[in-house]
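Visitor: Count the sequence shown with mature numbering (1 follows the signal peptide of the UniProt record, and there is no 0) and you get residues -24 to -1, 1 to 424, in order.
Quick one: the structure is below, questions incoming.
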Amino acid sequence: MASHRQRRLLAFSGAVVLALTVAACGGTSEPTAEGKLDTPECAAYKDYTGIAGETVTIYSPIRDAEAGLLEDAWKAFADCTGVKIEYEGSGEFEAQLKVRVEGGDAPDLAFIPQPGLLEFFAKGGKLKAAGEKTKAMATQNFSPDWLKYGTVNGTLYGAPLGANVKSFVWYSPSLFKEKGWTVPGTWDEMIALSEKMVTAGIKPWCAGIGSQDATGWPATDWIEDVLLREQGPDVYDQWVTHAIPFNDPRIVSATDRVGSILKNEKYVNGGIGGVKSIATTTFQDGGLPVVQKKCGMHRQASFYANQWPKGTKVAEDGDAFAFYLPAIDPAKGKPVLGGGEFVGAFTDSPATQAVQTYLASADFANSRAKLNNWISANKGLDVANVSNPIDKVAVGILQDSGAVFRFDGSDLMPAAVGANSFWKGMTNWINGTDTKATLDFIEGTWPK
């Protein structure tokens, strides 16, 4: 008779044999990560093989609740492929990314919102060129206008990710309905509407450019939007790169056109004060008179939807909505000013390249959009997956084949100008400095 110990050994041996037999016969044991790729729920990720068990680190300026939504958006990809994605968001991203890269502690991937910063790392030999699969995915899903901001000297380094649209004018649908006003489709119609508002006793525009150390930036957006509409993308590109001076006559013309609204006491600052009140009003408060029906229109980006008082219905039939800032010269296309992030790689392992490729896919764009408050210029993004009404409009603009997209100019300029003298110059301009003196001042600060 077998001893107690022998019986235990026999039972264990039998269990091992049974387990091996089940495995060999394709039993019902938990599949490996690679095996999951053959299941119906993982069909979308069948091309991302060979990365199970690998870890990819991502560093980004996106934090808090939005960071959690990003992780939720790529969870299915990670579960199916078996790759582990370690994400870190930081409020000091721009400064700390440089420190980490120089200190040999670079992340595998970084979500970089400034094309100038991406160029800095690419030219410094720190970023890896996008692999062929990433390049193909990005080319399939993004327009040349977007791809060029992730490209340095003809090589793609950063695939586009999220986006925002700045070319919006907010208004009160109920006020428009009450007064019989219609949303303007051209610049001239918008100015004619402004005059109607004056006649009705309502100042047509309200604005605020206060933003602590960054006071002035909303006025720079006005200049960029109008320059793009008045002079077209080629002149805009020349201005941003300083191929033409900051005080070029064409920049003077665009600035004066903005001044015909923002420095016009008849037009501003509805519900707040006169022209100079624009400089002392925060950008968060600048549009609030719209829902108070003390101001007709407020030019600000899609993200301003988060600034309306709690309970404000943002919809075409609600308390606040926005229309596209009209073109000035239709022959120059449909200009769109905006911003976004680019996924740059500091390592080129197969897992890093796979994650970079996936983030440029339509699958990721739709997965993230379904979670709300996020848009992308990805052509594969289904507008039906975007629930926020203003985001739906933004996606429609970004996907418009006639749209001419340009990145926020100040984000492309040297920091001494784009994040300093341009802001300060426009603040002084609002406070009374004339256009020539303002643009001469900014031109004088451009790095030699």
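All C-beta atoms in this analysis are idealised placements derived from N, C-alpha and C, irrespective of residue type, glycine included.
1. Would DSSP call Arg76 helix, strand or coil?
2. So within the stretch 47 to 94, which uninterrupted beta strand (DSSP E) runs reach at least 3 residues, ignoring any that extend past its ends?
3. What separation, rounded to the nearest whole angstrom, lies between the Cα atoms of Gln90 and Asp339?
4. By DSSP, does Glu42 sit in helix, in strand, or in coil?
5. Using a 10 Å radius around the Cβ and a threshold of 16 neighbouring Cβ atoms, would you call Val75 buried or exposed?
6. If I measure Cβ to Cβ from Met166 and keep anything under 7 angstroms in the same chain, skipping five residues before and after, which residues do I get?
7. Could you give the DSSP three-state label for residue 509: helix, strand or coil?
8. Assuming the contact rule is C-beta atoms closer than 8 angstroms, Ile27 and Thr57 should be a hit. Round their C-beta distance to whole Å, please.
9. Return the CA-CA distance between Thr175 and Phe299, expressed in angstroms with no decimal places.
10. Of the choices Pro83, Trp50 and Pro149, whose alpha-carbon is the least far from that of Phe322?
11. Might you give, ordered along the chain, the residues of its own chain that have their beta carbon closer than 7 angstroms to the beta carbon of Leu341, omitting 5 neighbours on each side?
12. When you compare the stretch 257 to 266 with the stretch 231 to 249, are there three or more beta-carbon pairs, one atom per stretch, that lie closer than 8 angstroms?
13. With DSSP as the reference, label Asn342 as helix, strand or coil.
14. Mapping DSSP to helix, strand and coil, what is Val216?
15. On a CA-only basis, which of Phe69, Ala41, Ala413 and Asn407 is nearest Gly192? Give me that one, please.
16. Rounding to the nearest angstrom, what Cα-Cα distance links Val234 and Cys271 in this structure?
17. If we call anything under 8 angstroms between Cβ atoms a contact, is Val290 one with Pro365?
18. Judging by CA-CA distance, which residue of Met173, Ala49, Leu13 and Ser397 is the nearest neighbour of Asp189?
19. For Phe144, which of helix, strand or coil comes out of DSSP?
20. In angstroms, rounded to a whole number, what distance separates the CA positions of Tyr63 and Ala391?
21. Whose CA, out of Ile185, Trp146, Arg205 and Ala71, lies closest to the CA of Asp164?
22. Cα separation between Val216 and Thr15?
23. Any Cβ of chain D within less than 8 angstroms of the Cβ of Tyr243?
24. Kindly indicate which residue of Thr421, Gly420 and Lys412 has the alpha-carbon position closest to the one of Pro225.
25. Could you spell out the range, first to last residue, of the beta strand (DSSP E) harbouring Ile34?
Guide: In this structure, then:
1. helix
2. 60 to 65 and 85 to 88
3. 24 angstroms
4. helix
5. exposed
6. Contacts found: Pro160 and Pro302.
7. Limits of the chain in this structure are -24 at one end and 424 at the other, which puts residue 509 out of reach.
8. Confirmed, Cβ separation roughly 5 angstroms.
9. 22 angstroms
10. Pro83
11. Inspection of the sequence shows that residue 341 is occupied by Ala rather than by Leu. Hits under 7 angstroms: Ser352, Asn354, Gly356 and Leu357.
12. yes
13. helix
14. Correct three-state label for Val216: helix.
15. Asn407
16. 18 angstroms
17. yes
18. Ser397
19. Three-state result, Phe144: strand.
20. 27 angstroms
21. Across the set Ile185, Trp146, Arg205 and Ala71, the C-alpha of Arg205 shows the shortest separation from the C-alpha of Asp164.
22. 50 angstroms
23. Going by chain labels, chain D is absent from the structure shown, which holds only one protein chain.
24. Lys412
25. Segment Thr31 to Ser36, the beta strand (DSSP E) holding Ile34.
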